[in-house]
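Colleague:
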Amino acid sequence: MNPDSVSFEITLLIVTALAVVLFVATFITTLRIDHWTVRIFDFPRIQISFLLGVVLAAILFLYDFSIWWHFLVIAGVVASILYQATKIFSYTPLAKKEVLDAGDCDKQNVIAIMVSNVLMSNRNTQALIDLVRNRQPDLLLTLETDRWWQQQLEVIEKEFPFNKKIPLDNRYGMHLYSRLQLDKVQVDYLIQDDIPSIEANVTLRNRQRVKIHCVHPRPPS
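When we follow my numbering, the leftmost residue of the sequence shown carries the number 11, and every step to the right adds one.
Structure, rendered in structure tokens:
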């Protein structure tokens, strides 16, 4: 590509702009800001890292490093790649396990929990019902469930004799179904006035009790 051509200048501008955007998307995650517009960038780290790699290759091909800010851009891209790598590493097979395998467990002292965010507008209830009957969880927690979903899930109530229902139309409805005995079930509003959470004691098969807290944080979470 001719360095003096218009197409080269446009390509250089696009690559530089993308480098700046990806640097900002990386840097902003270091800020202690809980708003979703910031925290959303915590999730696509692999995708951002891939794009950073592509941009780095393009920079090495396009830049002639005769201008001081060329070095600044490449430093920002390399720093972003290294930072993203440190965040991704913990989730790779190369990282040391922080929680060891439980090994053999007493089946009377375990609990199987299924959590399903159904998406309130979704009408494919049978898929969830089939999944529940296939997996056979001890506890089922559904999120975004309104009254319509509550009615559709009545078919599983014989299998889950203990339950707590909080149908809401604001995408924060919550339903807890349990095969195991529930005691001291309490509905709290820990996040805000229209976002419920559930607190309860669950009696395991060996009669041991454990406390559960069911929360649906505001996205992204």
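The beta carbon of each residue, even a glycine, is placed where N, CA and C say it ideally should be.
Using CA coordinates, which residue listed in Ser131, Gln146 and Arg42 is at the minimum distance from Val125?
Modeller: Here the question's residue 125 lines up with position 115 in the sequence shown. Nearest of Ser131, Gln146 and Arg42 to Val125, Cα basis: Gln146.
Colleague: So, Leu62 versus Leu32, is the Cβ gap smaller than 8 angstroms?
Modeller: Counting from 1 along the sequence shown, the entry for residue 62 is found at position 52. Counting from 1 along the sequence shown, the entry for residue 32 is found at position 22. Going by C-beta atoms, Leu62 is nearer than 8 angstroms to Leu32.
Colleague: What's the C-alpha gap between Arg143 and Glu169?
Modeller: Position 133 of the sequence shown holds residue 143. Position 159 of the sequence shown holds residue 169. Looking at the two C-alpha atoms, the distance is approximately 9 angstroms.
Colleague: Taking buried to mean at least 16 other C-beta atoms within 10 Å of its own C-beta, is Ser15 buried or exposed?
Modeller: If you number the sequence shown from 1, residue 15 lands on position 5. Its Cβ having fewer than 16 others within 10 Å, Ser15 is exposed.
Colleague: How about Gly183 and Asp203: are their beta carbons less than 8 angstroms apart?
Modeller: If you number the sequence shown from 1, residue 183 lands on position 173. If you number the sequence shown from 1, residue 203 lands on position 193. Their beta carbons are not under 8 angstroms apart, which means Gly183 does not touch Asp203 by this criterion.
Colleague: By DSSP's criteria, His223 is part of a beta bridge. Which residues make up the other side?
Modeller: For the purposes of this step, residue 223 is taken as the residue at position 213 of the sequence shown. DSSP lists Glu209 as partners of His223.
Colleague: Could you check the C-alpha separation between Leu151 and Ile43 for me, to the nearest Å?
Modeller: To locate residue 151, count along the sequence shown from 1; it is residue 141. To locate residue 43, count along the sequence shown from 1; it is residue 33. For Leu151 and Ile43, the distance between alpha carbons rounds to 29 angstroms.
Colleague: In the DSSP output, which residue or residues are listed as bridge partners for Phe172?
Modeller: As a working mapping, residue 172 is identified with position 162 in the sequence shown. The partner list for Phe172 (beta bridge, DSSP) reads Ser188.
Colleague: Going by other Cβ atoms of all chains shown within 10 Å of its Cβ, with 16 needed for buried, is Thr36 buried or exposed?
Modeller: On the sequence shown, position 26 is the one that residue 36 refers to. So Thr36 ends up on the buried side.
Colleague: In or out: Ser90 buried (at least 16 other Cβ within 10 Å) or exposed?
Modeller: Counted from its first residue, the sequence shown places residue 90 at position 80. By the 10 Å Cβ count, Ser90 comes out buried.
Colleague: Rounded to whole angstroms, what is the Cα-Cα separation between Arg181 and Trp159?
Modeller: For the purposes of this step, residue 181 is taken as residue 171 along the sequence shown, with counting starting at 1. For the purposes of this step, residue 159 is taken as residue 149 along the sequence shown, with counting starting at 1. One C-alpha to the other measures close to 12 angstroms.
Colleague: Which residue wins for smallest C-alpha separation from Phe71, given the options Phe18, Val48 and Val34?
Modeller: Start at 1 with the first residue of the sequence shown, and residue 71 comes out as number 61. That would be Phe18, whose Cα lies nearest to the Cα of Phe71.
Colleague: I need the DSSP call for Asp156, collapsed to helix, strand or coil.
Modeller: As a working note, residue 156 is residue 146 in the sequence shown. Three-state result, Asp156: coil.
Colleague: Thinking just about the alpha-carbon of each residue, which of Gln94, Leu66 and Ile24 is nearest to the one in Ile38?
Modeller: Start at 1 with the first residue of the sequence shown, and residue 38 comes out as number 28. Ranking the options by Cα distance to Ile38, first place goes to Gln94.
Colleague: Can you list, in chain order, the residues of its chain with a C-beta nearer than 7 angstroms to that of Arg215? Leave out the 5 residues immediately preceding and following it.
Modeller: As a position in the sequence shown, residue 215 is number 205, starting the count at 1. Result list for Arg215: Gln118, in chain order.
Colleague: Excluding the 5 residues preceding and the 5 following Val25 in the sequence, name in chain order all residues of the same chain whose CB lies nearer than 7 angstroms to its CB.
Modeller: Along the sequence shown, read from residue 1 onward, the residue named residue 25 stands at position 15. Excluding residues within five positions, the ones whose Cβ falls inside 7 angstroms are Val65, Ala68, Ile69 and Leu72.
Colleague: Do the CB positions of Ile176 and Val195 come within less than 8 angstroms of each other?
Modeller: Reading the sequence shown from its first residue, position 166 is the one you call residue 176. Reading the sequence shown from its first residue, position 185 is the one you call residue 195. For Ile176 and Val195, no; Cβs fall outside 8 angstroms.
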